[in-house]
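**Q** Quick one: the structure is below, questions incoming.
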Amino acid sequence: AVQLTQSPSSLSASVGDRVTITCRASQGVGSGLAWYQQKPGKPPKLLIHDASSLEIGVPSRFSGSGSGTDFTLTVSSLQPEDFATYYCQQFYFFPLTFGGGTKVEIK
Amino acid sequence: QVQLVESGGGVVQPGRSLRLSCAASGFILSNYGMHWVRQAPGKGLEWVAVISYDGRNKYYADSVKGRFTISRDNSKNMVFLQMNSLRAEDTAIFYCAKDYRSEGSNLDHWGQGALVTVSS
Numbered sequence: 093a094v095q096l097t098q099s100p101s102s103l104s105a106s107v108g109d110r111v112t113i114t115c116r117a118s119q120g121v122g123s124g125l126a127w128y129q130q131k132p133g134k135p136p137k138l139l140i141h142d143a144s145s146l147e148i149g150v151p152s153r154f155s156g157s158g159s160g161t162d163f164t165l166t167v168s169s170l171q172p173e174d175f176a177t178y179y180c181q182q183f184y185f186f187p188l189t190f191g192g193g194t195k196v197e198i199k
Numbered sequence: 011q012v013q014l015v016e017s018g019g020g021v022v023q024p025g026r027s028l029r030l031s032c033a034a035s036g037f038i039l040s041n042y043g044m045h046w047v048r049q050a051p052g053k054g055l056e057w058v059a060v061i062s063y064d065g066r067n068k069y070y071a072d073s074v075k076g077r078f079t080i081s082r083d084n085s086k087n088m089v090f091l092q093m094n095s096l097r098a099e100d101t102a103i104f105y106c107a108k109d110y111r112s113e114g115s116n117l118d119h120w121g122q123g124a125l126v127t128v129s130s
């Protein structure tokens with residue numbers, strides 16, 4: 093199975109900061125990658141589909157880039173509601189797999 | 011609007027079976043693949059299974075292969091997960107999720123989840 097390694101596993105940031113989370117795949121997955129945000133007690137929410145396309149209704153401060161094995165989720169200016177855990181997921185190969193998550197906390 | 015509502019969760023003894031259901035509304039179920047994803051308490055997300063839009067193709071995580079079966083009834087707008095030979099490590103919130111396309115891709119809508127606890 094494709095392993096997805098997210099880094100960092102956690103980070104502390106302030107409102108207004110630019111935040112970057114990376115996801116590295118153990119083998120190439122083309123553009124078959126998505127990013128999700130999850131808040132405590134809630135289901136995940138799709139942010140970025142197909143590596144770089146912003147899901148409808150998601151604020152434009154979120155962006156995704158990358159292809160192959162290296163991907164990035166960027167939040168250009170962190171807002172209070174963005175403190176959450178973020179996951180990447182690949183769908184290029186079965187079984188589908190998720191990264192281990194990145195928890196974004198308030199500094 | 012898309013709505014996914016899971017049911018059938020509960021407490022079950024190791025080795026026993028449980029069937030989860032997912033009621034879908036607000037979209038044409040027969041056009042989309044459907045998934046089950048689980049999350050153990052305090053842990054990350056683990057993909058469990060997907061069924062294609064027409065039910066012909068099914069794929070599973072290695073951890074559940076041979077024990078879990080995904081199915082669907084498009085006429086009733088329902089998706090199911092039959093879980094047999096349950097183990098303590100299957101304890102998790104199980105989410106039903108809609109695929110962005112017809113089989114396996116991005117998961118664009120999620121239910122609120124059903125808690126399954128495997129314990130004697």
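Chains as they are written, first to last, in my numbering: chain A, 93 to 199; chain B, 11 to 130. No residue lacks a Cβ here, since even glycine has one placed at the ideal position from N, Cα and C.
Please list, in chain order, all residues of the same chain as residue 82 of chain B whose beta carbon is under 8 Å from its beta carbon, the five residues on each side excluded.
**A** Counting from one through the second sequence, the residue named residue 82 of chain B turns up at place 72. Result list for residue 82 of chain B: 39, 44, 61, 65, 88, 89, 90, in chain order.
**Q** Am I right that residue 28 of chain B and residue 16 of chain B are in contact with their C-beta atoms under 8 Å? What's the rounded C-beta distance?
**A** In the second sequence, counting from the first residue as 1, residue 28 of chain B sits at position 18. In the second sequence, counting from the first residue as 1, residue 16 of chain B sits at position 6. With a Cβ gap of about 12 Å, residue 28 of chain B and residue 16 of chain B do not count as contacting.
**Q** In whole angstroms, give me the CA-to-CA distance for residue 164 of chain A and residue 63 of chain B.
**A** To locate residue 164 of chain A, count along the first sequence from 1; it is residue 72. To locate residue 63 of chain B, count along the second sequence from 1; it is residue 53. Between residue 164 of chain A and residue 63 of chain B, the C-alpha separation is close to 30 Å.
**Q** Would a check of beta-carbon distances place residue 71 of chain B closer than 7 Å to chain A?
**A** On the second sequence, position 61 is the one that residue 71 of chain B refers to. Yes, its Cβ sits closer than 7 Å to a Cβ of chain A.
**Q** Please tell me whether residue 140 of chain A and residue 127 of chain A are closer than 7 Å, where the distance is taken between their beta carbons.
**A** The sequence position of residue 140 of chain A within the first sequence is 48, counting from 1. The sequence position of residue 127 of chain A within the first sequence is 35, counting from 1. Yes, the pair counts as a contact, with Cβ atoms nearer than the cut-off.
**Q** So residue 132 of chain A and residue 105 of chain B are in contact, right, with Cβ under 8 Å, and what is the actual spacing, rounded?
**A** Locating residue 132 of chain A in the first sequence gives position 40, where the first residue counts as 1. Locating residue 105 of chain B in the second sequence gives position 95, where the first residue counts as 1. With 8 Å as the limit, residue 132 of chain A and residue 105 of chain B do not qualify as a contact, their Cβ atoms being about 15 Å apart.
**Q** Decide if the segment 18 to 28 of chain B is in contact with the segment 150 to 170 of chain A; the criterion is three or more beta carbon pairs, one per stretch, under 8 Å apart.
**A** Touching, no, given that fewer than three Cβ pairs across the two stretches are closer than 8 Å.
**Q** First and last residue of the beta strand (DSSP E) that includes residue 163 of chain A?
**A** Within the first sequence, residue 163 of chain A is the residue found at index 71, counting from 1. Here the beta strand (DSSP E) through residue 163 of chain A covers 162 to 167.
**Q** Taking its Cβ as the centre, do 16 or more other Cβ atoms sit within 10 Å of residue 108 of chain B, making it buried, or is it exposed?
**A** As a first step, residue 108 of chain B must be located in the second sequence, where it is residue number 98. Answer is buried; the Cβ neighbour count reaches 16.
**Q** Taking C-alpha atoms, which residue in B/86, B/59, B/101 lies nearest to residue 76 of chain B?
**A** Indexing the second sequence from 1 puts residue 76 of chain B at position 66. Nearest C-alpha to residue 76 of chain B: B/59.
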